[in-house]
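Taking mature numbering (1 follows the signal peptide of the UniProt record, and there is no 0), I'd label the letters of the sequence shown as residues -29 to -1, 1 to 625.
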Amino acid sequence: MHDLKLYLRRSGAILPALAALAMSTVALAQTGPRHMEAIDRGVVAVPATNGVLVSWRLLGNDADKTTFNLYRDGKKITPKPISATNFADAKGSATSIYKVAAITGGKATGTSADARVWAEGYLNIPLNKPADGTTPDGQTYSYNANDASAGDLDGDGRYEIILKWDPSNSKDNSQGGYTGNVFIDAYTLDGKQLWRIDLGRNIRAGAHYTQFQVADYDGDGKAELIVKTADGTKDAQGKVIGDANANWVEGDGEVAQNDRTGSVVAPDGKLMAQFKGRILKGPEYLSVFEGATGRVLDTVDFANTRGTTGPDATPEEQKARWGDAYGNRSERYLAGTAWLDGVHPSVVMARGYYARTTLSAYDFRDGKLTKRWYFDSEADGAPDGYSHQGNHQFSVADVDGDGKDEVIYGSMTLDDDGKPLWSAKLGHGDAMHVSDLDPSRPGFEKFGVHESMRDSGNRGSAMLDAKTGEMLWSTPADKDTGRGVSADIDPRHLGAESWASNSSNLYNAKGEIISDKRPRSMNFAIWWDGDLTRELLDGNKIFKWDWKTGDSPVIFEMTDTTSNNGTKSNPALQADILGDWREEVIMRTTDNTALRIYSTNIPTTYSFTTLMHDPVYRAGIAWQNTAYNQPPHVSYYLGEGMKTPPKANIKIGK
């Protein structure tokens, strides 16, 4: 264990095993380095049991033997440079001010900005809550701070927070009814609001509608926002997209439906879907906004059309194309960011997953959005088995080792060029995880849960080879399995443990039962404490699985905060946006007046490159806000018994 800790202090310093390098080696041979953000040291100081824990980033372009000096109130407190990226300062106080200097080859190569101690144990970001509103039928609503993302919007090396505001009357697609407008804000970590975008009345509010993406798509050193828009969307400078007076929101009307969910029972007993509040016609756009200002830069027609030839479709056409006549299936959207050429990020927008499935990829270069490719599972010539395979989210990773990302869309995967790669034909699911979950075998694995027992062959969960879709193992079920997680939580077993709501068992990476007890939490996994296993984030609490007792005691609680999206209980964002490689949690306060950022105060003997410079993890932060939020993973096995992670093939900055 001592040797393990020594080489893990410097991620990438020692060559990993050949098996672990297999995919990385192919990627290096075929593509150039991926463009990643130029971020600063991200020094953070958090009150600890004894003093203050200070931590900072090891960057993806740091030399292997980079060390650090730490200063408190202008005086060096490390007798000699240290290789660690955290320091427990027993003499630190609430008024201490820290800075970190990087040392390479015996010379200082840069000094961080000052970092003040988070006296309250968290960073508070005040919010500008939108005003309450009233629907056309006289119902009042208010606003909740909802899902968030992170990006360096102004190029200063610090992340900003991009936040979606959700009205209290937001709807599931199965439900009729009016909703308030959706707003997207940007805030600095100092609490300054940079801008607000109003998506307008022609974008319906709900977890399955607005999926926003944040990344530096054009390579200018500043991140952009890309999101689906409509007539009446207003940028931060007041410019309106499309027709400002258009109103495509449905009024009265209803249509028969087969699904009881969200239905209204008519006097004759028929199940009816209400049209009121839905948006089933009208122009649809994709827009890119400047990160620093919120100004719209370009808008194009949304490629994934509702109708056969455009955005309009009669109820009959909708039913024929999507499977229902009232927009439950056609209005379900997903989004992600992928390095499809292995160098630059592209945005991927998706529509549909219960039946017809469409995905489009766009590049943003030289001020223009251009379509890279489009996939339609029901198009002429499309292979069988690619409809009805999508989840309520998708993942992004280079699963075939060519250096370019694939889109893992539930039970099927598209190659970097938008062409089908494989389909496991297990059907739709609510949760999935893609990473090196089993480090004893090459490449990535995908663990997911499944809803339809007819489609999955009575499999509640399954572990697949992410390159081929081959089923490695599965667990039986006789009904919808709605939750599942895969993460290393038991140090006795190499690889990720997996568990799901269809069983009380806990499985190792090979699918063997290692306990008849599993964690009750089946939500987010997080790197929080000082060891290599992951903890569990659910609601406003972090739990630690105790494999000896089969229990999960609370190790951290974020009081006076609350989670998002009802029973999904996810944070606004979980991401390594500050400090060392452990992850921060962003929660909204119960009164929606602020976001709070929490960072661990637990020392660790391990050091890794910031997770935000890992390709799979950075993509995961971009897609995390999509629909049924899932936790991010890395491109290597980070857990007990791990080998040295390969150095990512990345280029920092412009």
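Note that the Cβ used here is the ideal one computed from N, Cα and C, for glycine as well.
Only a predicted model underlies this, so the values are computations on that prediction, with no experimental measurement involved.
So Ser427 and Leu397 are supposed to be a Cβ contact under 8 Å. How far apart are they, rounded? The beta-carbon distance between Ser427 and Leu397, rounded to whole angstroms, is 5 Å. This is short enough to meet the 8 Å contact definition.
Assuming Ala593 is part of the alpha helix (DSSP H), what are its boundary residues? Residues Pro586 to Trp594.
With H, G and I counted as helix, E and B as strand and the rest as coil, what does DSSP make of Ser606? Correct three-state label for Ser606: coil.
Determine, using beta-carbon pairs with one atom in the region 502 to 509 and one in the region 447 to 455, whether at least three such pairs fall under 8 Å. These segments do not touch.
In whole angstroms, give me the CA-to-CA distance for residue 658 and Lys290. Outside the shown range of the chain (-29 to 625) lies residue 658, about which nothing can therefore be said.
Which residues does DSSP pair with Gly305 in a beta bridge? In the sequence as displayed, the identity of residue 305 is Leu instead of Gly. DSSP, once it has assigned bridges, lists Ala321 as partnering Leu305.
Cut-off 7 Å between Cβ atoms - residues of its own chain near Asn479, not counting five sequence neighbours on either side: For Asn479, where only same-chain residues beyond five positions count, the Cβ hits under 7 Å are His464, Gly466, Glu468 and Ile485.
Taking just the CA atoms, how far does Gly222 sit from Lys101? It should be pointed out that residue 101 corresponds to Pro in this sequence rather than to Lys. Our two residues, Pro101 and Gly222, have alpha carbons roughly 25 Å apart in a direct line.
Spatial neighbours of Lys210 within its chain, please: CB distance less than 7 Å, with the 5 preceding and 5 following residues excluded, ordered by chain position. The residues are Val267.
Can you name the start and end residues of the alpha helix (DSSP H) that Glu287 belongs to? Start and end: Pro286 to Trp293.
Would you say the beta carbon of Arg5 comes nearer than 7 Å to a heavy atom of the ligand NAD? In the structure on display, the ligand NAD does not appear, and there are no ligands present to speak of.
Got a sec? Which residues, its chain only, sit under 7 Å from Asn218 by beta carbon, not counting five neighbours each side? Close CB contacts of Asn218 within its chain, under the 7 Å cut and outside five residues either way in sequence, are with Arg172 (chain order).
Just to confirm the assignment, what range does the alpha helix (DSSP H) spanning Met383 have? Looking at the DSSP string, Met383 is not in any alpha helix (DSSP H); the run it does join, the beta strand (DSSP E), is Met383 to Leu385.
Just grab the DSSP bridge partners of Thr105 for me. Beta-bridge partners assigned by DSSP to Thr105: Thr111.
May I ask you to report which of helix, strand or coil DSSP gives Gly400? Looking at Gly400 - three-state DSSP - the assignment turns out to be strand.
With DSSP run on the structure shown, which of helix, strand or coil describes Leu582? Assigned with DSSP and collapsed to three states, Leu582 falls in helix.
Reduced DSSP secondary structure (H/G/I, E/B, other) of Arg425: The three-state secondary structure of Arg425, taken from DSSP, is helix.
Using the C-alpha atoms, what's the distance from Asp585 back to Phe58? About 23 Å.
Euclidean distance between Cα positions of Asn362 and Asp191: Cα-Cα distance, rounded: 33 Å.
Could you give the C-beta distance for Asp509 and Ser475, rounded to a whole number, given that I count them as a contact under 8 Å? Going by Cβ atoms, the distance from Asp509 to Ser475 rounds to 17 Å, so no, they are not a contact pair.
Only counting the same chain, and skipping five residues up and downstream in sequence, which positions put a Cβ closer than 7 Å to that of Ser394? For Ser394, where only same-chain residues beyond five positions count, the Cβ hits under 7 Å are Gly356, Tyr357, Gln360, Ser382, Met383 and Gly440.
Phe495 versus Gly352, Gly591, Trp310 and Ala86, residue with shortest Cα-Cα distance: Comparing Cα-Cα distances from Phe495 to each of Gly352, Gly591, Trp310 and Ala86, the minimum goes to Gly591.
Closest to Val271 by C-alpha separation, out of Asn95, Asp371, Ala116 and Gly213, would be which residue? Among Asn95, Asp371, Ala116 and Gly213, the Cα nearest to that of Val271 is on Gly213.
If you compare alpha carbons, which of Asp517, Pro138, Ile573 and Ile133 is closest to Thr111? Ranking Asp517, Pro138, Ile573 and Ile133 by Cα distance to Thr111 puts Pro138 first.
Indicate whether the contact test is met: 3 or more Cβ pairs, each with one atom in the region 71 to 84 and one in the region 35 to 51, closer than 8 Å. With the cut-off at 8 Å, the region 71 to 84 and the region 35 to 51 touch.
Asn511 and Thr532: beta carbons closer than 8 Å? Closer than 8 Å, so yes.
According to DSSP, Lys339 sits in a beta bridge with which residue or residues? Answer by DSSP bridge pairing, in chain order: Arg336.
Keeping to the same chain, check which residues put their C-beta closer than 7 Å to that of Ala598; ignore five residues upstream and five downstream. Same-chain partners within the cutoff: Ala178, His179, Gln182, Leu305, His363 and Gln364.
What span of residues does the beta strand (DSSP E) with Thr82 cover, start to end? Residues Lys78 to Thr82.
Separation of Leu443 from Pro490, as counted between CA atoms: The alpha-carbon atoms of Pro490 and Leu443 are separated by roughly 23 Å.
Count the CB pairs spanning the region 561 to 575 and the region 412 to 428 that are closer than 8 Å, and state whether there are at least three. As far as the Cβ criterion goes, the region 561 to 575 does not touch the region 412 to 428, which means the pair count is below three.
Gly148 beta carbon less than 8 Å from that of Lys142: Remark: C-beta atoms of Lys142 and Gly148 approach each other more closely than 8 Å.
Across the region 301 to 319 and the region 603 to 611, are there enough close Cβ pairs to call them in contact, namely three or more that are closer than 8 Å? No, the region 301 to 319 does not touch the region 603 to 611.
In chain order, what residues of the same chain have a beta carbon less than 8 Å from the beta carbon of residue 712, not counting five sequence neighbours either side? The displayed coordinates of the chain run from -29 to 625. Any statement about residue 712 would go beyond what the structure contains.
Assumed close pair Gly374, Gly400 - CB separation to whole angstroms, cut-off 8 Å: That pair is no contact at about 28 Å.
From what residue to what residue does the beta strand (DSSP E) around Ser475 run? Counting along the chain, Ser475 falls outside any beta strand (DSSP E), and DSSP gives it neither H nor E.
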